[in-house]
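See below for the structure under consideration.
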Amino acid sequence: MALYLSKSRKILPHLKPKMSFLGKINLSSWNSCFSQNQAFLSTNGRNPHPFLCNRPALFTSRRFDSAKADKHLGSLHNGGDPQALNFPGGIVKFTPEMKFLSEVPEERIHCYRVLDDSGQLVSKNFVQVDKDIALKMYRDMVTLQTMDTIFYEAQRQGRISFYVTAIGEEAINIASAAALSMDDLVFPQYREAGVLLWRGFTLQEFANQCFGNKNDNGKGRQMPAHYGSNKHNYFTIASTVATQIPHAVGAAYSLKMDGRDACTVTYFGDGGTSTGDFHAAINFAAVMEAPVILFCRNNGWAISTPISDQFRSDGIVVRGQAYGVRSIRVDGNDTLAVFSAVHVARKMAICESRPVLIEALTYRAGHHTTSDDSSRYRSIEEIEWWRVAQDPVARFRKWLEGEGWWTSLDETDIRNHARQEVLLAIQVAEKVEKPTLKEIFTDVYDSPPSNLCDQEESLREMVKRHPQDYPSYFSS
Ligand SMILES: Cc1ncc(C[n+]2csc(CCOP(=O)(O)OP(=O)(O)O)c2C)c(N)n1
Ligand SMILES: [Mg+2]
């Protein structure tokens, strides 16, 4: 870990987020809060938000003292109360009752929402979004939906080998991205292409990656839909579930050490929380007070495994408190609720130097990937209810219309425009040459070791012996 941290510190300065429509937009409420950091940390005021219940913190900020065992042992006394024990972490009261904590909460944790199903405001407690941002959010949601539909069809036509959609999770993708700053580092799972879209990755770049052509940032080495972009501070997607979570926590700790006015955000599914990586990472984040937003998309399914077969806790949100991490449950299909929660979580993460866990309740309305047929393990009625009655895009559109910011003419325009742009990007990407065989062996070592040279040579011989089995560009 120490090695990883020292490396990640060296990597960060090389990331040059020069993008910038967010810079131009200049949301007034997004002003930097880093200058206030010291004030937050030096006073012991750990609860400066009206969004929080007024509870004392268990552990106070005491980083770098934690290894001093003698100090902890020295504090083991009852503070004058024989019915209490001053144990590291705070006062524990004794009780004569033998009472086991129930495994079932009296009531499930409430879910924060701003817009109801019909797009009407049901809360006054949200972060205002100005018109330009709101319209960009909606357009990007439609573009993501369109891109997913057409790329999915392209896979069915055999033009690309694989694809992952974010259908039903457009609000999570776009609203969370809109609430972040371009300096924040994103560690995605694989269902957050919309975050990259928001940051300015073009449809052409998406298409180049899916077709694995020579303009793809990854030079065709990754599966389709495994995007990555240094320019957009978006770490390359890895299919290995949850491996991105410890990376995000380590990078967040590095940002903190460097005094940067930024946090990291990592996205993962409900299935991701069943891995050891999730538990190790959230605990590390809590103890090291790393400025990371842990964003869980609880979409009900991990491929064919329903959440009832994954955990018996009240979802994911309760695990935050168990690990000493501030947490919120939010309606993941409510664009304004997701935007508000991430906006506030970001400020908490940076200004107070702490992790925040967000559990967004949603539904994976598409198949897991193009390799899946979800009608084999869940009912069509269930899928349709979520797809139609809970569509986050339609809900946000209703709100925009209510504000007088959107008309049916605008709707026709954006849908036609998005469709044409995606089709064009696919046509162009399809015609671009693939990377050469040589590229399989580049970019890892300055000078390749002998075993890699041997492998290249043996591959070239194989291609020569069986030219009919390899595409012609492989011979170059
Ligand atoms: C470490 C690891 N284990 C298993 C898999 C196979 N796998 C791929 S996706 C997936 C389900 C993940 O579900 P979830 O985290 O809920 O994300 P969702 O697909 O629902 O967005 C599994 C088990 C994998 N890729 N990596
Ligand atoms: Mg899931």
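If you count the sequence shown from 1, position 406 lands on 847 in our numbering, and the numbers rise without skipping. Even for Gly, the Cβ is constructed at its ideal location relative to N, Cα and C. Source: prediction; values computed, not measured.
I'd like to confirm something about residue i: is its beta-carbon nearer than 7 Å to some heavy atom of ligand 2, or not?
{"i": "ASP718", "result": "no"}
{"i": "GLY773", "result": "no"}
{"i": "GLY635", "result": "no"}
{"i": "ASN740", "result": "yes"}
{"i": "ARG770", "result": "no"}
{"i": "ASP813", "result": "no"}
{"i": "GLY710", "result": "yes"}
{"i": "ARG819", "result": "no"}
{"i": "ARG805", "result": "yes"}
{"i": "ALA607", "result": "no"}
When the Cα atoms are used, what is the spatial distance from residue i to residue j?
{"i": "ASN774", "j": "LEU562", "result": "14 Å"}
{"i": "THR776", "j": "SER564", "result": "13 Å"}
{"i": "GLU544", "j": "GLY653", "result": "49 Å"}
{"i": "ASN740", "j": "ASP854", "result": "31 Å"}
{"i": "HIS808", "j": "ILE613", "result": "17 Å"}
{"i": "GLU800", "j": "ARG738", "result": "6 Å"}
{"i": "THR681", "j": "PHE592", "result": "22 Å"}
{"i": "SER602", "j": "PRO912", "result": "16 Å"}
{"i": "PRO537", "j": "SER670", "result": "59 Å"}
{"i": "LEU542", "j": "ALA721", "result": "24 Å"}
{"i": "LYS465", "j": "GLU852", "result": "Annotation note: pLDDT 34 at LYS465 (below 50); position unreliable, no value reported."}
{"i": "SER449", "j": "GLN751", "result": "A caution first: SER449 carries a pLDDT of 47, below 50, which makes its placement in the model unreliable, though a value can still be read off. If you take the alpha carbons of SER449 and GLN751, they lie about 33 Å apart."}
{"i": "PRO665", "j": "PRO629", "result": "15 Å"}
{"i": "GLY632", "j": "THR606", "result": "Residue identity differs from the one stated: residue 632 is Arg in this sequence, not Gly. Roughly 7 Å separates the two Cα atoms."}
{"i": "VAL873", "j": "GLN569", "result": "43 Å"}
{"i": "ARG795", "j": "ASP699", "result": "15 Å"}
{"i": "PHE725", "j": "ARG856", "result": "44 Å"}
{"i": "TRP471", "j": "ARG787", "result": "Here the model assigns TRP471 a pLDDT of 37, short of 50, so the residue's position is not dependable, and the following value carries that caveat. Each residue's alpha carbon lies about 10 Å from the other."}
{"i": "ALA679", "j": "ILE723", "result": "19 Å"}
{"i": "LYS655", "j": "GLU871", "result": "11 Å"}
{"i": "GLN909", "j": "GLU902", "result": "13 Å"}
{"i": "LEU585", "j": "LEU526", "result": "55 Å"}
{"i": "ASN488", "j": "ARG767", "result": "Its pLDDT being 47, under 50, ASN488 is placed unreliably in this model, and the value from its coordinates should be taken loosely. Distance between the alpha carbons of ASN488 and ARG767: 11 Å."}
{"i": "SER899", "j": "ASP589", "result": "39 Å"}
{"i": "THR643", "j": "GLY530", "result": "49 Å"}
{"i": "ARG554", "j": "TRP742", "result": "22 Å"}
{"i": "ILE532", "j": "LEU798", "result": "26 Å"}
{"i": "ARG770", "j": "LEU878", "result": "48 Å"}
{"i": "PHE915", "j": "LYS875", "result": "9 Å"}
{"i": "MET729", "j": "ASP702", "result": "17 Å"}
{"i": "ILE608", "j": "VAL885", "result": "35 Å"}
Which two residues bound the contiguous beta strand (DSSP E) that contains residue i?
{"i": "LEU526", "result": "525-528"}
{"i": "TYR708", "result": "705-710"}
{"i": "ARG770", "result": "767-772"}
With residue i as the anchor, note down where its alpha helix (DSSP H) starts and where it stops.
{"i": "LEU865", "result": "849-872"}
{"i": "LYS788", "result": "776-792"}
{"i": "ILE532", "result": "No alpha helix (DSSP H) contains ILE532, which is instead part of the beta strand (DSSP E) from 531-534."}
{"i": "ILE686", "result": "685-698"}
{"i": "ASP895", "result": "891-906"}
Can you determine whether any heavy atom of ligand 1 sits closer than 7 Å to the C-beta of residue i, and answer yes or no?
{"i": "HIS688", "result": "no"}
{"i": "ASP589", "result": "no"}
{"i": "GLN630", "result": "yes"}
{"i": "ALA525", "result": "no"}
{"i": "GLY707", "result": "Here residue 707 turns out to be Thr, not Gly, going by the sequence shown. Not so, every heavy atom of ligand 1 lies at least 7 Å from the Cβ."}
{"i": "VAL682", "result": "yes"}
{"i": "ILE855", "result": "no"}
{"i": "ASP809", "result": "First, the amino acid is wrong: residue 809 is His here, not Asp. Yes, since a heavy atom of ligand 1 falls inside the 7 Å radius drawn around the Cβ of HIS809."}
{"i": "ILE744", "result": "yes"}
{"i": "GLY756", "result": "no"}
{"i": "GLY713", "result": "yes"}
Check whether chain B comes within 8 Å of residue i, counting only Cβ atoms and requiring the distance to be less than that.
{"i": "ASN566", "result": "Here chain B cannot be found, since the structure has a single protein chain."}
Checklist entry - What are the start and end residues of each continuous alpha helix (DSSP H) run of 4 or more residues lying completely inside the region 803-833, in chain order? => result If we require 4 residues or more, the alpha helix (DSSP H) runs fully inside the region 803-833 come out as 821-825.
Next on the checklist: Quick check for students: name the residue ranges of the beta strand (DSSP E) that lie wholly in the region 594-682, counting only runs of 3 or more.
Outcome noted: Listed in chain order, the beta strand (DSSP E) elements of length 3 or more contained wholly in the region 594-682 are 626-628.
Checklist entry - Below 8 Å, can you find three or more Cβ-Cβ pairs linking the region 635-655 to the region 687-701? => result No contact exists between the region 635-655 and the region 687-701.
Next on the checklist: Going residue by residue through the region 703-760, where are the continuous beta strand (DSSP E) segments of at least 3 residues, counting only ones entirely within it?
Outcome noted: Listed in chain order, they are 705-710 and 733-739.
Item to check | Touch test, the region 615-633 against the region 567-578, Cβ-Cβ under 8 Å, three pairs minimum | outcome: Contact holds: three or more Cβ-Cβ distances are below 8 Å.
Checklist entry - Using 8 Å as the Cβ pair cut-off and three pairs as the minimum, do the region 787-796 and the region 580-589 touch? => result Verdict: no, contact absent.
Item to check | Meets three-Cβ-pair contact criterion under 8 Å: the region 753-763 and the region 550-562 | outcome: The region 753-763, when compared against the region 550-562, does touch it at the 8 Å Cβ threshold.
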